[in-house]
Amino acid sequence: MNNPTQVICIAVPVPIYGYFDYLPAENTLIEDYFSGMRVLVQFGHRELVGIVIGRQAETTTPTNKLKPITHLFDEPTAIPESILNLLQWAATYYCHPLGDCVQTALPSALRQKKPLTEIKVIKWNRTEKKFTGKQNATKQQAILKTIAEQESGIWQDSLKAIGYTTTQLKTLEKAGYLTSTTFDPLTATAKLQPEPNSIKLNEAQKEVIQKASVHLNGFHVSLLQGITGSGKTEVYIEIVRHILGQGKQALILIPEINLTPQTLKRFQTQLAIPIGFIHSGMSSREKFTTWSLARQGSAKVIIGTRSSIFTPFKNLGIIIVDEEHDASYKQIDGFKYSARDLAVKRGQLENCKVILGSATPSLESVYNAQQEKYEWLRLNERAGAGQTPDISLIDIRSRPLQNGCSKPLLDQIKSEIEQNNQVIIFQNRRGFSPTLLCEACGWIAHCKHCDARLTIHNHPPHLLCHHCNYKQVIPRECGSCNSQHISPLGTGTERIEYGLKEYFPNTKVIRFDRDTIKKQSHMEQLIKDINHGEPCLLIGTQMLAKGHDFHNVTLVAIIDADTSFFSADFRAIERSAQLLLQVAGRSGRGKKKGRVLIQTKLPEHPLFESIVKSDYTTLSEIELIDRKTCELPPFSKMLSIRAESKSQADALQALHTLNSELFQRIPTNLNIEISGPIEANMARKSGIYRSYLHIFTANLALRAAILKQLPALLTANHKRNTKLTIDVDPTDYV
Ligand code: ADP
Ligand code: ZN
Ligand code: ZN
2 MNNPTQVICI AVPVPIYGYF DYLPAENTLI EDYFSGMRVL VQFGHRELVG
52 IVIGRQAETT TPTNKLKPIT HLFDEPTAIP ESILNLLQWA ATYYCHPLGD
102 CVQTALPSAL RQKKPLTEIK VIKWNRTEKK FTGKQNATKQ QAILKTIAEQ
152 ESGIWQDSLK AIGYTTTQLK TLEKAGYLTS TTFDPLTATA KLQPEPNSIK
202 LNEAQKEVIQ KASVHLNGFH VSLLQGITGS GKTEVYIEIV RHILGQGKQA
252 LILIPEINLT PQTLKRFQTQ LAIPIGFIHS GMSSREKFTT WSLARQGSAK
302 VIIGTRSSIF TPFKNLGIII VDEEHDASYK QIDGFKYSAR DLAVKRGQLE
352 NCKVILGSAT PSLESVYNAQ QEKYEWLRLN ERAGAGQTPD ISLIDIRSRP
402 LQNGCSKPLL DQIKSEIEQN NQVIIFQNRR GFSPTLLCEA CGWIAHCKHC
452 DARLTIHNHP PHLLCHHCNY KQVIPRECGS CNSQHISPLG TGTERIEYGL
502 KEYFPNTKVI RFDRDTIKKQ SHMEQLIKDI NHGEPCLLIG TQMLAKGHDF
552 HNVTLVAIID ADTSFFSADF RAIERSAQLL LQVAGRSGRG KKKGRVLIQT
602 KLPEHPLFES IVKSDYTTLS EIELIDRKTC ELPPFSKMLS IRAESKSQAD
652 ALQALHTLNS ELFQRIPTNL NIEISGPIEA NMARKSGIYR SYLHIFTANL
702 ALRAAILKQL PALLTANHKR NTKLTIDVDP TDYV
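According to this note's numbering, the sequence shown is numbered sequentially starting from 2.
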């Protein structure tokens with residue numbers, strides 16, 4: 002029985018499906034509530050910030066259970082309709098509780114229990130000046146101490162929250178003990194001097210721009226497939242210029258990699274306007290400030306990583322997703338959205354242009370382009386001075402390796418160094434060696450908490466689990482037979498660095514991975530040094546491989562190309578090809594022609610036929626035929642359900658139960674393919690066992706029908722010791 006009372010539906014930040022119905026707060030009318038407004042509600046024993054979704058004429062909640070809203074914030078609507086629509090769509094598509102979507106997607110300033118007024122953000126820092134005030138001024142000394150402890154300064158609201166007043170702070174500022182700075186995302190970037198564009202676009206770029214510009218006035222998606230260095234960024238900048246000319250705004254998404262300062266600078270100097278920048282290293286206040294400026298329309302261009310897809314705009318004209326194939330666009334925990342896919346959806350909802358760009362686009366996007374859902378634009382030549390590098394293989398099946406490198410490779414590196422060139426040596430594995438092996442009995446050092454080997458690190462010496470960060474000392478003898486003949490097997494970046502330093506004692510060797518580079522500023526400094534051009538050897542993981550524009554690298558060596566070919570992931574070949582071509586693309590970006598050498602034990606692997614020709618198009622066509630034969634995405638729609646538990650049996654059992662209950666509710670003759678329940682490849686991670694149920698459906702409607710059943714089933718099957726989560730269009734599921 003529905004209760005004929007008018008109620009307000011609220012999304013509450015809890016991992017529970019659905020909305021919750023409330024009555025208007027005291028002294029307010031139901032008519033005062035509009036979607037996107039923030040309210041405070043009592044939820045269980047807690048008071049939470051909720052978002053108004055809408056009003057309803059009746060409710061299923063019994064009258065005696067209906068509570069009034071505690072407070073309606075006096076502020077402009079917090080979440081604009083466009084963003085709320087996108088989030089609501091995403092909550093259904095990804096089958097995730099809306100309250101949690103809002104919570105993950107939006108700046109955390111919206112979650113705080115106070116009105117959104119201040120968008121000026123003031124930060125306080127301690128100066129060098131020694132305190133010479135009265136010794137009994139303990140309060141003042143305490144403030145100074147608190148601020149001095151934070152090297153990067155403290156936000157004014159945080160200081161107010163712990164009880165200090167603005168007057169106290171200002172007094173100390175006057176006395177010279179403190180300085181304050183106001184964060185303004187737009188002036189922060191405005192310091193960069195605009196430069197007139199010295200680049201003359203080539204014919205291919207002009208053609209692409211001309212084609213893409215035909216459809217700037219409504220929803221339209223282009224896939225820009227341009228080889229590395231073909232000048233895609235210049236194309237984006239030019240199209241954004243058109244959009245700005247129409248008085249509209251632009252959103253540019255970039256992957257979660259550290260090349261952002263370079264990208265930002267190029268846009269900034271060429272468009273000669275301040276650009277808002279959103280990235281994971283920002284504080285929530287900084288994010289919110291940038292967010293607000295975009296919403297007001299004063300930030301015309303926003304560049305940001307994954308979650309910036311939820312930035313509101315006054316008048317959005319284009320969304321560009323650079324390196325659209327990049328795995329970091331998909332969030333793999335909690336609200337598991339794909340920012341790339343949401344970019345297309347948002348383009349449709351807000352009726353604007355979308356460009357997906359990459360040298361190696363995802364097969365999903367290639368397929369959409371083949372189907373003419375997306376316009377397919379190409380740039381097949383390098384734009385600047387550089388030419389496409391020559392790629393060749395080194396067969397290492399019968400060659401001894403010295404710390405990962407074969408003799409022919411070392412000879413080639415030597416020859417480049419002698420010509421004063423720079424060389425990149427790519428190995429996508431940190432540490433000295435991935436395995437510690439007993440030569441007497443075959444024992445291998447494993448992690449206590451994961452089904453994984455411990456990696457040997459030498460700076461300082463320790464064994465480390467790359468999955469849970471468990472650390473231990475390197476044992477002197479075998480953990481099984483006590484033999485002392487234990488040795489590292491295989492090669493990581495540390496080992497290559499060690500080997501090359503021995504082999505090339507007079508050459509600068511720089512290692513570029515998460516162990517050596519912990520700070521953005523360090524990375525920027527290194528890139529500057531490298532671009533001075535002295536000969537050097539750069540050893541690195543994908544941190545080095547993606548996006549950078551080094552002009553003096555003439556040889557890229559890939560140490561171990563095959564390891565990624567045989568993963569259980571059906572995207573293994575696609576991913577490997579993307580990475581190999583991205584890495585290869587770092588070679589020969591300046592005046593000198595570049596080369597790429599790939600060490601492999603599988604020189605006959607069909608993948609290499611396309612790789613040596615840098616022919617991603619043929620490669621993706623072949624791969625798509627395979628996917629079609631096997632009815633894998635994009636030819637089917639995938640959904641995974643993951644069970645996590647301390648007990649392996651419980652995890653599997655939960656999925657068996659869910660599976661059978663689900664199929665009591667869905668006609669079995671439908672075009673649905675189930676695989677599992679199966680254990681994850683690494684069944685135990687951080688002490689938790691993981692299993693999967695993978696469901697493939699012939700189309701979206703079928704999958705949506707299954708998803709519709711899931712919230713109720715998950716709720717009904719909820720057990721304390723087993724966690725079930727849904728992943729729609731999963732990318733991380735083995
Ligand atoms: P992509 O994004 O496709 O990898 P970029 O836009 O970074 O390519 O361009 C690669 C290099 O070529 C950059 O150094 C850029 O300045 C240069 N470049 C781009 N377009 C041109 C052009 N038309 N003429 C000369 N140089 C260009
Ligand atoms: Zn042993
Ligand atoms: Zn571990």
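Just so it is clear, CB atoms sit at the ideal spot from N, CA and C, and this is done for glycine as well.
Looking at the DSSP output, Gly277 sits in a beta bridge with Ile303.
Unbroken alpha helix (DSSP H) runs of no fewer than 4 residues, entirely contained in the region 588-662, are found at 607-613, 617-630, following chain order. Residue list for ligand 2: Cys439, Ala441, Cys442, Trp444, Cys479, Ser481, Cys482, Ser484 (CB closer than 5 Å to any heavy atom, chain order). When C-alpha distances from Ile244 are compared across Leu217, Leu224, Thr229, His221, the shortest belongs to Leu217. Trp125 is bridged by DSSP to Ile155, Ser181.
In the same chain as Gly677, and ignoring 5 residues on each side of it, the C-beta atoms closer than 6 Å to its own belong to Tyr693, Leu694, His695, in chain order. Secondary structure note for Ala106: its alpha helix (DSSP H) is the uninterrupted segment 99-106. Residue state for Pro409 is assigned as helix, using DSSP reduced to three classes.
The set of residues whose C-beta lies within less than 6 Å of a heavy atom of ligand 3 reads, in chain order, Cys448, His450, Cys451, Ala453, Cys466, His468, Cys469, Tyr471. DSSP, read as helix, strand or coil, puts His243 in helix. Taking the Cβ of Leu202 as the reference point, at least one heavy atom of ligand 1 falls within a distance shorter than 7 Å.
For Cys466, the number of other beta carbons within 10 angstroms of its own is at least 16, and it is reported as buried. When C-beta atoms of the region 238-253 are compared with those of the region 305-324, three or more pairs fall below 8 Å, so the two segments count as touching. Proximity of the region 363-373 to the region 319-339 meets the contact definition, three or more beta-carbon pairs being nearer than 8 Å.
With respect to the C-alpha of Pro634, the residue from Gln428, Gly480, Arg572 having the closest C-alpha is Arg572. In this structure, DSSP gives Arg666 a helical state, which the three-state scheme calls helix. Proximity of the beta carbon of Thr723 to ligand 1 is not indicated: no heavy atom of the ligand is located closer than 7 Å. About 11 Å separates the Cβ atoms of Thr492 and Ile540, ruling out a contact at the 8 Å cut-off. Taking C-beta atoms under 8 Å as the contact rule, Asn86 and Ile228 fail to qualify, at a distance of about 37 Å. In this structure, Thr732 and Lys331 form a Cβ contact; the two beta carbons are roughly 5 Å apart against a cut-off of 8 Å. Look at Gln388 here: in three-state DSSP terms it is coil, with no helix or strand label.
For His523, the enclosing alpha helix (DSSP H) stretches over residues 521-532. Check the Cα spacing between Gln423 and each of Ile210, Thr726, Val597: the tightest is with Val597.
Around Pro607, the same chain offers no residue with a beta carbon nearer than 7 Å, after the five sequence neighbours per side are excluded. Unbroken beta strand (DSSP E) runs of no fewer than 3 residues, entirely contained in the region 440-476, are found at 456-459, 462-465, following chain order. For Glu235, the shortest C-beta to heavy atom distance toward ligand 1 is below 7 Å. Where Met683 is concerned, the enclosing beta strand (DSSP E) starts and stops at 673-686. The continuous beta strand (DSSP E) containing Arg691 extends over residues 689-698.
Within 7 Å of the C-beta of Gln206 there is at least one heavy atom belonging to ligand 1. Proximity of the region 294-314 to the region 338-347 meets the contact definition, three or more beta-carbon pairs being nearer than 8 Å.
Taking a C-beta distance under 8 Å as the contact criterion, Ala110 and Leu117 qualify as a contact pair. Counting C-beta atoms within 10 angstroms of its own C-beta, Gly164 has fewer than 16 neighbours from the protein chains shown and is therefore classed as exposed.
If you draw a straight line from the Cα of Gln271 to the Cα of Arg127, it comes to about 36 Å. With respect to the C-alpha of Ala702, the residue from Leu714, Ile667, Gln206 having the closest C-alpha is Ile667.
Only residues of its own chain outside the window of five on either side were considered, and among them Thr601, Lys602, Pro604 have a CB closer than 8 Å to the CB of Asp396, listed in chain order.
The alpha-carbon separation between Asp616 and Val510 amounts to approximately 32 Å.
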